[in-house]
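Have a look at the structure below, then the notes.
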Amino acid sequence: MPYNVPDVPRPNKFQKWLLLASISIVRRFRNRTGSVLMLTSDLCVKYGSRLDVVEAQTMLFIAKHTSIPVPKIYFAFTDEECTYILMERIHGHSASRGWVRRSDASKQRVLEALKKMVLEMRGLISQSNAICSVSGGSLYDMRIPMNTRRFGPFDNVQEFHNHLRNGKQTSSNSCDEYLRLFELHSHDWSSPTFTHGDLSSLNILVRGDDVVGIIDWETAGWYPPYWEYTTACQVNPRNPFWRDEIEKFLEEMPEALEMDQLRQKYFGDWFG
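For the sequence shown, UniProt numbering gives the first residue as 1, with consecutive numbering after it.
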C-alpha cells in the first residue's frame with residue numbers, strides 16, 4: 001500500500017461501558033436512522049452486526065490523506081459480534097432532501113463540489129493491483145449476492161471479476177450476452193483506485209449549497225476504476241432522480257455500465 005493507514009482508536013473499559021449504557025437509554029426514545037443513533041447534538045454512534053471496524057479506519061484514512069469532509073472518529077470496537085463506531089455528528093441533511101426543488105444553479109454548486117471530492121479520492125492510486133479494503137483485507141457490499149458477510153481480498157481485478165461471476169467461465173453453450181460479459185470482464189482494466197462505493201444522495205450531507213460530509217463508508221475500498229460510477233448508477237429506489245445527476249460528478253463509462261448491467265442480470269443484485 002502506498003499510504004499509511006491509521007490505527008483505529010479503542011475505548012477504555014469506562015468509555016465502552018458509558019457508550020453501551022448511553023445506547024440503551026437513548027434508543028428508548030429516539031429511533032435510529034439506518035444503523036446510526038444520534039446520541040447528542042455533537043455525537044452519534046453507528047452500530048450493528050454487519051458493520052466492521054474497517055469502516056472507521058477508512059474514514060480516518062480519508063481524513064488523513066484528503067480534504068474530503070468525513071465524521072471525526074473517536075473510537076470503534078466489536079463486542080459480542082456487534083461493531084460500534086462512535087463519531088462526530090455532522091450538522092447537515094442528505095442531498096436527497098429537497099433536491100428536486102433546488103434551482104439549477106444550486107444543484108450545480110453541490111455537484112461541482114462533489115466532483116472535486118471524487119477527483120481527489122481518485123487521486124489515491126494504489127501501488128498494488130489488489131482489490132481490497134483500506135487495510136488490505138476483505139470488502140463488504142450488500143448489492144453483491146454472496147454466502148458470507150464479507151468477500152475478498154483479491155490479488156487483481158481478474159480475480160475480482162471471476163468472483164462476481166461465481167467462477168463461471170465460457171462454454172459452447174454460453175449465450176451472446178454472457179460472452180459479452182466475459183469479454184468485458186477480461187479487458188485490461190487499469191490499476192485500482194480508492195472508491196466510496198455508494199455515492200447515493202442519501203450519503204452526501206449538505207448545508208445550503210455546501211457539501212459538509214460524505215458518510216457511510218462501509219462499501220469503500222480499492223476497486224477497479226469503473227466501480228464508483230457503476231455502483232452510483234444503481235440508485236436507491238427512494239431517490240430515482242439521482243440517476244440524472246451521476247454523470248455531472250462522475251466520468252461516464254458506458255462500456256463499464258453495460259458490463260455491470262449484464263453482471264446483475266446473470267448473477268443477481270440486491271436491488272434486483
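Glycine included, C-beta positions come from ideal geometry on N, C-alpha and C.
Measure the alpha-carbon distance for residue i versus residue j and round it to whole angstroms.
i                : j              : result
phenylalanine 15 : alanine 21     : Here residue 15 turns out to be glutamine, not phenylalanine, going by the sequence shown. Rounded to the nearest angstrom, the two C-alpha atoms are 10 Å apart.
serine 138       : valine 118     : 23 Å
tryptophan 217   : glutamine 108  : 24 Å
proline 225      : isoleucine 125 : 10 Å
serine 133       : serine 24      : 31 Å
asparagine 156   : asparagine 129 : 5 Å
histidine 161    : histidine 185  : 6 Å
proline 240      : cysteine 233   : 10 Å
valine 53        : leucine 111    : 30 Å
proline 153      : isoleucine 131 : 6 Å
methionine 142   : lysine 64      : 27 Å
leucine 51       : histidine 163  : 22 Å
leucine 181      : proline 11     : 47 Å
arginine 27      : glycine 167    : 43 Å
Would you mind working out which of the options sits nearest residue i, comparing C-alpha positions?
i              : options                        : result
histidine 91   : Gln169, Pro71, Ser106          : Pro71
serine 244     : Ser201, Arg28, Asp188, Ser35   : Rather than serine, the amino acid found at residue 244 in this sequence is aspartate. For the residues Ser201, Arg28, Asp188, Ser35, the minimum Cα distance to aspartate 244 belongs to Ser201.
threonine 40   : Asp52, Leu19, Gln264, Gly34    : Leu19
tryptophan 242 : Gln127, Gly98, Leu60           : Gly98
glycine 48     : Ile62, Ser172, Asp155, Arg32   : Arg32
lysine 115     : Ser67, Asp79, Lys13            : Ser67
aspartate 7    : Met121, Glu81, His196, Phe77   : Phe77
glutamine 264  : Thr195, Ile131, His196, Arg165 : Arg165
lysine 248     : Ala113, Gly167, Pro192, Thr148 : Ala113
asparagine 203 : Asn12, Ser35, Val5             : Ser35
asparagine 236 : Phe29, Ser96, Arg28            : Ser96
Within the same chain, show all residues whose beta-carbon is closer than 8 Å to that of residue i, passing over the 5 residues directly before and after it, in chain order.
i            : result
leucine 43   : Tyr74, Leu86, Met87, Glu88, Arg89
tyrosine 229 : Ile246, Leu250, Glu251, Glu252, Met253, Ala256, Leu257
arginine 207 : His91, Gly92, His93
valine 100   : Phe241
serine 106   : Asp209
Can you tell me whether DSSP reads residue i as helix, strand or coil?
i             : result
tyrosine 3    : coil
histidine 93  : strand
arginine 207  : strand
valine 8      : coil
alanine 56    : helix
threonine 78  : strand
glutamate 247 : helix
isoleucine 23 : helix
lysine 168    : coil
Would the beta-carbon of residue i be found less than 6 Å away from any heavy atom of the ligand GDP?
i             : result
threonine 170 : The ligand GDP is absent from the structure shown, which contains no ligands of any kind.
Within 10 angstroms of the Cβ of residue i, are there 16 or more other Cβ atoms? Answer buried if so, exposed if not.
i              : result
threonine 83   : buried
leucine 179    : exposed
isoleucine 62  : buried
methionine 59  : buried
glutamate 80   : exposed
glutamate 183  : exposed
serine 135     : buried
tryptophan 222 : buried
threonine 170  : exposed
glutamate 55   : buried
tryptophan 17  : exposed
Take residue i and list the residues in its own chain whose beta-carbon comes closer than 7 Å to its own, dropping the five residues that flank it on each side.
i             : result
aspartate 198 : Asp216, Thr219, Thr231
So, for residue i: in the same chain, excluding its five sequence neighbours on each side, which residues have a beta-carbon less than 6 Å away from its beta-carbon?
i         : result
lysine 46 : Ser35, Val36, Ile85
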